[in-house]
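Student:
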Amino acid sequence: MDLSDHRQSYQQGSLADLGLPDTPFHLFQAWFDEAVAANLPEPYAMSLATCGADNRPSVRIVLMRELTEQGVVFYTNYDSAKGQDIDSNPYAEVLFFWQAQERQVRLAGKITKVDVAKSAAYFAKRPRESQLGAWVSQPQSGVVENRAYMEQKFAELDKQYADNVPYPEFWGGYELVVDTAEFWQGRAGRMHDRMRYQKHGDTWQVERLLP
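The opening residue of the sequence shown carries number 1 in UniProt numbering; numbering runs sequentially from there.
Dropping the structure here:
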């Protein structure tokens, strides 16, 4: 399959050298709000890249559930493949790609667990089906014989927890504390705008990268 003739010219926006916010979070918030206003599908979806003890990178889509003053929060099973990677190597990166606006954002840094009370509060807000699904997926990424087993387990848990689905201690939130952020805006002729924020102490340095 030859895709060499498939290409698109990017011409929707730009990033100036001057006038950018002092921190990447203000620019990210502005771009994210524009993605939401444009009704893009799941603009909070991000690719999470980790690399564990085997030194083999892994990437998957997770959902950002909070933008904080220092990074982004997502939730998952702590015993999952990604959780094991993070235990071995807490440094990771996420990528947001908003194709309709010809933009992408890379956020890199160190991952830490969020407070248990915060994780439990978020779990309580999830739909009941998602709560039960978290219990079925233990350990997440584990091998299962067939789908019938999963559905049977779901039904059993649904009956067992008829009144309330308890919070599973093996499940919770992670926060990626960002120390590097790159904003990419597509431009014509592949002369893309790339602005990188890097944290030094309590301040952020902004620099332009070649496309």
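Built from N, CA and C at the ideal position, the CB exists for glycine as well. Note that the structure is a prediction, hence the values are computed from the model and not measured.
Can you list, in chain order, the stretches of the alpha helix (DSSP H) that have 4 or more residues and sit fully within the segment 126–188?
Tutor: Complete alpha helix (DSSP H) runs here, min 4: 128–136, 147–160.
Student: I'd like the span of the beta strand (DSSP E) that includes Ala53, first residue to last.
Tutor: Locating residue 53 in the sequence shown gives position 53, where the first residue counts as 1. Here Ala53 belongs to no beta strand (DSSP E), and DSSP marks it neither H nor E.
Student: Out of Gln185, Lys199, Thr203, Gly189, which one is the CA nearest neighbour of Asp17?
Tutor: Here residue 17 corresponds to residue number 17 of the sequence shown, with the count starting at 1. Nearest C-alpha to Asp17: Gln185.
Student: To the nearest angstrom, how far is it from the Cα of Gly52 to the Cα of Asn89?
Tutor: For the purposes of this step, residue 52 is taken as residue 52 along the sequence shown, with counting starting at 1. For the purposes of this step, residue 89 is taken as residue 89 along the sequence shown, with counting starting at 1. If I take the Cα positions, the gap works out to 6 Å.
Student: Val94: buried (16+ other C-beta within 10 angstroms of its C-beta) or exposed?
Tutor: Reading the sequence shown from its first residue, position 94 is the one you call residue 94. Burial call: buried.
Student: Distance, Cα to Cα, Leu132 vs Leu210?
Tutor: In the sequence shown, residue 132 corresponds to position 132, counting from 1. In the sequence shown, residue 210 corresponds to position 210, counting from 1. Computed Cα separation, rounded: 47 Å.
Student: So, for Leu157: in the same chain, excluding its five sequence neighbours on each side, which residues have a beta-carbon less than 7 Å away from its beta-carbon?
Tutor: As a position in the sequence shown, residue 157 is number 157, starting the count at 1. If we look at Leu157 and ignore the five residues flanking it on each side, its Cβ neighbours are Leu132, Trp135, Val136.
Student: Pick helix, strand or coil for Val114, following the three-state DSSP scheme.
Tutor: Here residue 114 refers to the residue found at position 114 of the sequence shown. DSSP places Val114 in coil when its eight states are reduced to three.
Student: Return the Cβ separation of Gly13 and Glu102 in integer angstroms, given the expectation that the two are a contact with Cβ distance under 8 Å.
Tutor: Along the sequence shown, read from residue 1 onward, the residue named residue 13 stands at position 13. Along the sequence shown, read from residue 1 onward, the residue named residue 102 stands at position 102. Rounded, the Cβ-Cβ distance is 7 Å, consistent with contact.
Student: Measure the Cβ-Cβ separation of Ile86 and Ile111 and say whether it is below 8 Å.
Tutor: Position 86 of the sequence shown, counting from 1, holds the residue named residue 86. Position 111 of the sequence shown, counting from 1, holds the residue named residue 111. Cβ atoms of Ile86 and Ile111: closer than 8 Å.
Student: For Thr180, collect the residues of the same chain with a Cβ closer than 6 Å to its Cβ; drop the 5 residues on either side in sequence, then sort them by chain order.
Tutor: In the sequence shown, the residue the question calls residue 180 occupies position 180. The answer, listed in chain order, is Ala108, Gln198.
Student: Compare the beta carbon distance of Ala162 and Trp98 with 8 Å and say whether it is the shorter of the two.
Tutor: Translated into positions along the sequence shown, residue 162 becomes position 162. Translated into positions along the sequence shown, residue 98 becomes position 98. No, Cβ-Cβ distance for Ala162 and Trp98 is not below 8 Å.
Student: Check Ser119 in the structure and name its three-state DSSP category.
Tutor: Here residue 119 is taken as the residue at index 119 of the sequence shown, counted from 1. It is helical.
Student: DSSP three-state label for Gln101, please.
Tutor: Along the sequence shown, read from residue 1 onward, the residue named residue 101 stands at position 101. In the structure shown, Gln101 sits in a helix (DSSP, three-state: H, G or I).
Student: Taking Val59 as the reference, give the member of Val206, Arg187, Ala49, Ala117 with the closest Cα.
Tutor: One-based indexing of the sequence shown puts residue 59 at position 59. Among Val206, Arg187, Ala49, Ala117, the Cα nearest to that of Val59 belongs to Ala49.
Student: Taking three-plus beta-carbon pairs below 8 Å as touching, is the segment 137–150 in contact with the segment 74–84?
Tutor: Contact holds: three or more Cβ-Cβ distances are below 8 Å.
Student: Just to confirm the assignment, what range does the beta strand (DSSP E) spanning Leu27 have?
Tutor: For the purposes of this step, residue 27 is identified with residue 27 of the sequence shown, where counting begins at 1. No beta strand (DSSP E) holds Leu27; the alpha helix (DSSP H) holding it covers 24–37.
Student: What residue range does the beta strand (DSSP E) around residue 289 cover?
Tutor: This structure cannot speak to residue 289, because the chain is shown only from 1 to 211.
Student: Which residues in the same chain have their Cβ closer than 8 Å to the Cβ of Val114, if we skip the five residues on either side of it in sequence?
Tutor: On the sequence shown, residue 114 is found 114 positions in, with the first residue counted as 1. For Val114, where only same-chain residues beyond five positions count, the Cβ hits under 8 Å are Val73, Gly172, Gly173, Tyr174, Glu175.
Student: Bridge partners of Ala92, per DSSP?
Tutor: Position 92 of the sequence shown holds residue 92. Paired residues: Gly109.
Student: Considering only the beta carbon of each residue, do Gly71 and Val206 sit closer than 8 Å?
Tutor: Locating residue 71 in the sequence shown gives position 71, counting from the first residue. Locating residue 206 in the sequence shown gives position 206, counting from the first residue. It is not a contact, given that the beta carbons lie outside the stated cut-off.
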